[in-house]
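What follows is a set of notes on a single structure, which appears directly below.
Numbering (full-length UniProt numbering), first residue to last: 1 to 426.
Below you can see the structure in the form of structure tokens.
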């Protein structure tokens, strides 16, 4: 049982890290018109790994085992289909795949692990093709390069699984018909396309920080994967932009606090009750270094401001000493450049901290995005907090609405705990 648990835990982590690498190489071999084929090879590789490792134990180098197995499956598929039209063998890079004499050596050349970073980045940018909508671009990247499930993507976009499935189908059909070649964009398009890539990576990070999985709020494998992908952008000379470093700083600041967010009973610990001694100071220092690296150019982007907000929390000695007014000023700046419902909802939370319930309710009345807020359980949770000292029935109703909207067991427990605390006050 213990060995099986370790295998499941290991493969869950490896899937996030290795799926993207394997996808980038397999797509180079099969072409972007065969995205589904690449997914099928990866899925078969992982299923086979679970079976073999359960019998023989985990190999000394699981990553190398997976990469070798995927390469062998790719070779087997080509051997079985070298006379079919499923692969475009007219491409100069693939012509030699049809001959048994040159098949293995050609695959070895294409399967060059020294070029994995460049292959991954090229595929990230290929997913950001200008003829695809931004939603389809991000959905495809999360699925193909990050190993996201359809349900996880749906949570990230606050939409249905059916909508995500349709987006994936349209995106794959686009690549199937257009046969887009993965490559770096020209310098004139690099900034915009890097922005789309960063947004995808940050969605991945958020899924790890507050997971859709009912039994697990924090998924460290997703945090590690998103920071790994962002680091690829940080170290590559073509993508060392201010927003790249700022996004990395933001993720470092948030990731530094994960060890204090959940107690031994898997219940959420609110910020005011967290043990700041458990915060990873080395990761905070690393984030500060990235934030300094981001301090060039003529523009301040949302990652700069969100990182500054996170840093305010990280440097505060205690919750009571938090500079909420400074944080509110940052949120005012953020709302000016990105007035999304989430940003305005987070700003509303800070207004509650600074000015209290009455001012918060005035802001709610004036808000233009109230309908969007109604779809977010965090809004109902906040309104429960606002009414907690004013109206027991209203507060309870808001908390119960929030409970019905979240799938997270940890969040449900926290909200039920707040209801119980309300009852003690009455």
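Cβ coordinates follow ideal geometry from the N, Cα and C atoms, glycine included.
Since the model is a prediction, treat every value here as computed from it, not as a measurement.
- Contact check for residue 211 and residue 217: beta-carbon distance about 6 Å, within the 8 Å limit, so the pair qualifies.
- Leaving aside the five residues that flank residue 251 on each side, the residues in its chain whose CB is nearer than 6 Å to its CB run, in chain order, 205, 227.
- The shortest CA-to-CA distance from residue 336 to any of 26, 355, 300, 351 is the one to 300.
- In the three-state reduction of the DSSP assignment, residue 58 falls in the coil class, being assigned neither a helical nor a strand state.
- About 14 Å separates the Cβ atoms of residue 74 and residue 35, ruling out a contact at the 8 Å cut-off.
- Within the DSSP secondary-structure output, residue 327 pairs in no beta bridge.
- If you draw a straight line from the Cα of residue 246 to the Cα of residue 377, it comes to about 28 Å.
- Excluding its 5 nearest sequence neighbours in each direction, residue 307 has C-beta neighbours in its own chain below 6 Å: 246, 249, 250, 291, listed in chain order.
- Going by C-alpha positions, residue 184 is about 42 Å away from residue 276.
- Taking the Cα positions, residue 49 is about 7 Å away from residue 66.
- Within the same chain, 87, 88 come within 7 Å of residue 94 by CB-CB distance, once the 5 residues on both sides are set aside.
- Taking one beta carbon from each stretch, the stretch 151–167 and the stretch 96–112 have fewer than 3 pairs nearer than 8 Å; the two do not touch.
- The C-beta distance from residue 126 to residue 182 rounds to 4 Å, short enough to meet the 8 Å contact threshold.
- An exposed status is given to residue 169, since fewer than 16 other beta-carbon atoms sit within 10 Å of its beta-carbon.
- In the three-state reduction of the DSSP assignment, residue 27 falls in the helix class.
- Less than 7 Å separates the beta-carbon of residue 242 from that of residue 296.
- Judged by their CB atoms, residue 145 and residue 23 are nearer to each other than the 7 Å cut-off.
- When the five nearest sequence neighbours on each side are left out, the beta carbons in the same chain lying within less than 6 Å of the beta carbon of residue 208 are those of 219, 222, 223, in order along the chain.
- Look at residue 268 here: in three-state DSSP terms it is strand.
- Under the criterion of beta carbons closer than 8 Å, residue 176 and residue 33 qualify as touching, at roughly 5 Å.
- Assignment of residue 138 by DSSP, reduced to helix, strand and coil, places it in the helix class.
- Residue environment for residue 414: buried (at least 16 other C-beta atoms within 10 angstroms of its C-beta).
- Classified as exposed, residue 83 has fewer than 16 neighbouring CB atoms from the shown chains inside 10 Å of its CB.
- Taking the C-beta atoms as reference points, residue 360 is found nearer than 7 Å to residue 386.
- When DSSP states are grouped into helix, strand and coil, residue 300 belongs to the coil group.
- In its chain, beyond the 5 residues on either side, 124 have a beta carbon closer than 6 Å to the beta carbon of residue 197.
- The beta-bridge partner set that DSSP reports for residue 262 consists of 268.
- Counting along the chain, no alpha helix (DSSP H) covers residue 98, and no H or E run does either.
- Under a 10 Å Cβ-count criterion, residue 104 is classified as exposed, with fewer than 16 other Cβ atoms of the shown protein chains found around its own Cβ.
- With fewer than 16 other Cβ atoms from the protein chains shown falling within 10 Å of its own Cβ, residue 281 counts as exposed.
- By the CB criterion at 7 Å, residue 327 and residue 315 fall outside the cutoff.
- Straight-line spacing of the CA atoms in residue 347 and residue 332 works out to 8 Å.
- With respect to the 7 Å criterion, residue 260 and residue 286 are not classified as neighbours on the basis of their beta carbons.
- Inter-residue distance for residue 234 and residue 395 is about 45 Å (C-alpha atoms, whole angstroms).
- CA-CA distance, residue 338 to residue 388, rounds to 30 Å.
- With fewer than 16 other Cβ atoms from the protein chains shown falling within 10 Å of its own Cβ, residue 423 counts as exposed.
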